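Numbering (this note's numbering), first residue to last: 2 to 623. Ideal placement from N, C-alpha and C gives every residue a C-beta, glycine not left out. What you are looking at is a predicted structure, and each value in this text was computed from that prediction instead of being measured. Here's the structure we're looking at; comments come further down.
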Amino acid sequence: MPTKKPKRTTSVSNTIRLSLFWAIVILAALAMWAFFSPHQPLKDVSISQVIKDANEGKLAKIEGRGNDLKITVKDQDKPTQASYINGGVGTLLREGTLNNKGKAVISDSAPSDNTIMWNLLTIVLPVVLIGILFMFMMRQAQGQNSQAMSFGKSKAKLYGLDKERIKFEDIAGNDSAKQDLEEVVDFLKHPKKYQGLGAKIPKGVLLVGSPGTGKTMLARAVAGEANVPFFSISGSEFVEMFVGVGASRVRDLFQKAKKNAPAIIFIDEIDAVGRKRGSGMGGGHDEREQTLNQILVEMDGFDSDTNVIIIAATNRADVLDPALLRPGRFDRHVTISLPERKDREAILKVHFKNKPTDDSVDLDKLAAKTAGSSGADLANMANEAAIIAARRDSKVITNDDLTEAFEKVAIGPERKAKVMNDHEKELTAYHEAGHAIVGHVLPDSDPVHKITIIPRGGTGGVTWFLPPEDKSYTSVYEYKDILARAMGGRIAEKLKYGDDGVTTGAGSDLRSATQIARDMIIEQGMGSKLRNQVFHEDNGGLMFDKMTRERPYSDATATEIDKEVEALITEAARRAELVISHNMPVLEKLKDALLEHETLEEDAASKYMAKAVLPKEAALHK
């Protein structure tokens with residue numbers, strides 16, 4: 002992203018250039034006026050006539066400048082005559098030359114000739130200003146040429162100053178990743194200890210994790226712990242439309258790092274340049290692949306005593322070129338997972354450390370509700386809570402602010418301005434009640450956390466399920482219950498308004514259910530006929546890659562996958578219909594409560610669904 006500083010510099014340069022231009026124009030006009038304006042020449046008179054007129058009182062002033070005299074006639078305000086006398090006005094003052102009247106008009110010294118100086122100035126100054134403008138423009142041109150010459154220079158940002166130093170203690174959670182990175186820190190601090198035993202430290206460390214998990218912060222913490230320079234650059238900054246620029250920037254970056262060794266090079270989003278080669282439209286000659294080749298060459302060129310370590314980050318390790326991952330390059334992989342409950346609480350405490358809160362704020366409770374959230378998500382929640390508190394002119398953050406911030410980040414802000422008619426409100430209430438009842442009675446579903454018919458985000462209403470604790474695995478039973486509760490809204494609409502009375506309100510539910518079902522079959526091997534088989538599809542890469550890449554399974558298998566997905570969705574819809582049909586009184590009761598209150602929290606929702614039961618036909622196991 003361009004910064005504001007270059008823009009300000011450009012603005013200043015333009016201002017200077019414009020000021021110089023108008024100064025030259027004005028001075029040139031003055032010079033023309035001075036050159037072409039008519040001047041009245043002085044009349045030459047003899048010195049005897051001057052002496053005579055002076056003695057007769059006809060002169061007002063005689064000014065001398067050396068041997069030259071300028072005479073001002075009486076009743077005039079400037080000289081009109083000129084004369085000459087050896088010895089200047091001193092000769093005129095001798096005895097016998099002038100009487101008292103004549104001596105009275107004598108000036109010992111004439112003032113400097115300002116007219117000549119002014120004329121000279123008006124001619125010379127524009128020339129000087131033109132010269133300055135020319136030099137300024139030449140310097141600008143040289144600067145642009147320098148920028149053009151630096152096009153192939155690395156754009157890496159250098160960190161390592163004390164005020165920018167980050168250490169492991171500044172990062173909450175990620176304990177396992179920190180342990181894996183301590184080896185790198187120790188090598189940078191004590192390289193001779195390893196070299197003495199003939200050990201080779203990994204040249205490259207690949208940080209793999211979901212967006213927002215703190216990969217960049219951990220890399221900077223390694224540099225902070227080792228107290229070494231940290232060169233940071235994004236993978237996309239290497240690639241330009243001009244061939245060879247990326248490779249040039251790679252060479253420049255590695256040269257800088259070697260000069261500042263021991264040092265760390267951090268390449269964020271390395272998948273931008275590190276994707277598998279040979280799949281692009283340019284074959285092996287596109288700019289991205291040339292950049293990748295240069296990275297590989299530079300990593301191979303590291304000597305054993307070159308204390309430069311490359312750390313890269315990505316959330317798509319599966320699309321990286323195998324040459325990057327082989328031993329001797331990025332052979333050390335550190336997985337950064339989403340934070341667990343205790344880690345989430347620690348992260349929240351870090352972000353609330355400098356924020357005033359009252360006694361009602363319970364960060365442990367919030368940590369329990371935020372399963373699956375990244376560190377960036379938690380930081381955003383803390384910031385949103387502060388904004389909400391400030392918006393209502395409060396000096397402290399309350400638990401209500403925290404809850405609102407959590408819901409805003411998780412499911413989107415409330416859209417109370419959206420107006421729904423009575424039919425739409427009733428339909429939304431039935432829809433959300435259908436989700437809630439199915440999820441409530443199914444044994445392997447997460448409990449209902451909140452039900453609302455107030456539009457949030459891009460939805461008309463929300464039924465929110467939260468797991469009571471973190472989960473590492475998901476069973477087939479759990480997946481099928483998730484599918485059934487996703488179908489609950491559409492089934493409730495169908496039972497109340499008929500097959501053709503269903504609306505587009507279930508569109509997002511159906512898309513989500515279909516995606517989960519396909520993932521079960523293709524990625525998890527959870528089909529009935531295709532169980533224990535995985536048909537992974539690489540969804541990354543360019544569109545051209547997808548068009549030319551062969552599918553990893555046959556057309557017959559693709560047809561079977563479609564049948565399996567259809568069977569899962571059909572089964573989920575059948576189970577949801579069984580549950581709702583069996584609990585129609587509860588559906589009506591919950592619908593009425595939603596129309597009255599609009600939002601039901603966990604305890605209130607459970608009270609209205611207390612009499613809901615699971616029919617035997619909908620159960621998957623005892």
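- The C-beta distance from Thr292 to Gly247 rounds to 3 Å, short enough to meet the 8 Å contact threshold.
- Here Leu595 is buried. Its C-beta has 16 or more other C-beta atoms within 10 Å.
- For Pro448, the closest C-alpha among the options Phe466, Gln50, Ala611 is that of Phe466.
- Between Ala222 and Lys179, the CB-CB gap stays under 9 Å.
- Sorting Ala613, Thr92, Asp45 by C-alpha distance to the C-alpha of Leu588 places Ala613 at the top.
- Around Thr217, the same chain offers Ser233, Phe267, Asp269, Ala314 as residues with beta carbons nearer than 8 Å, after the five sequence neighbours per side are excluded.
- By alpha-carbon distance to Phe407, the top candidate from His436, Ser375, Glu425, Met421 is Ser375.
- One Cα belongs to Gln77, the other to Ile27, and the distance between them is close to 33 Å.
- For the stretch 215-293, the continuous alpha helix (DSSP H) assignments of 4+ residues that do not extend past its boundaries occur at 216-227, 246-260, 272-275, in sequence order.
- Around the Cβ of Asp402, a 10 Å sphere holds 16 or more other Cβ atoms; the residue is buried.
- In this structure, the straight-line span from the alpha carbon of Ser509 to that of Thr460 is close to 8 Å.
- Classified as exposed, Arg95 has fewer than 16 neighbouring CB atoms from the shown chains inside 10 Å of its CB.
- Selection Gln525, His432, Asp471, Leu443 evaluated against Lys495 yields His432 as nearest (Cα-Cα).
- Under DSSP, Gln82 shares a beta bridge with Lys44, Ile72.
- Between Ala606 and Lys451, the C-beta spacing is below 9 Å.
- By the C-beta density criterion, Lys193 is exposed, having fewer than 16 other C-beta atoms within 10 angstroms.
- Beyond the five residues adjoining it in sequence on each side, Asp332 comes within less than 6 Å, by CB distance, of Pro203 in the same chain, given in chain order.
- Restricting attention to beta strand (DSSP E) runs no shorter than 3 residues, the stretch 434-466 encloses them at 449-453, 463-466, ordered along the chain.
- Here Arg345 carries a helix assignment [DSSP, helix/strand/coil].
- Note on the stretch 311-339: whole alpha helix (DSSP H) runs with a minimum of 4 residues are 323-326, in chain order.
- For Ile63 and Pro80, the gap between their C-alpha atoms comes out near 9 Å.
- Selection Arg317, Asp301, Asp604 evaluated against Ala273 yields Arg317 as nearest (Cα-Cα).
- With fewer than three CB-CB distances shorter than 8 Å, the stretch 184-198 does not count as touching the stretch 359-369.
- Ala619 sits away from Leu591, with the two beta carbons spaced by 9 Å or more.
- The DSSP-derived three-state label of Gly199 is coil.
- A direct Cα-to-Cα measurement between Arg252 and Glu299 gives close to 7 Å.
- Nearest in C-alpha terms to Pro323, of all of Asn101, Leu207, Asp45, is Leu207.
- Glu415 sits in a strand when the DSSP states are folded into three classes.
- Taking C-alpha positions only, Tyr480 is separated from Ile412 by approximately 21 Å.
- When DSSP states are grouped into helix, strand and coil, Leu94 belongs to the coil group.
- Among the bridge pairs identified by DSSP, Gly210 is matched with Ile337.
- Every unbroken stretch of the alpha helix (DSSP H) spanning 4 or more residues and falling wholly within the stretch 455-538 is given here in chain order: 477-498, 508-523.
- Annotation: Phe536 to Gly526 spans about 8 Å, alpha carbon to alpha carbon.
- When the alpha-carbon of Gly490 is set against those of Gly506, Gly502, Ile271, the nearest one is in Gly506.
- By the criterion of a C-beta distance shorter than 6 Å, His352 is surrounded in its chain by Ala380, Ala383, once the five residues flanking it on both sides are discounted.
- For Gly376, the enclosing alpha helix (DSSP H) has its first and last residue at 376-392.
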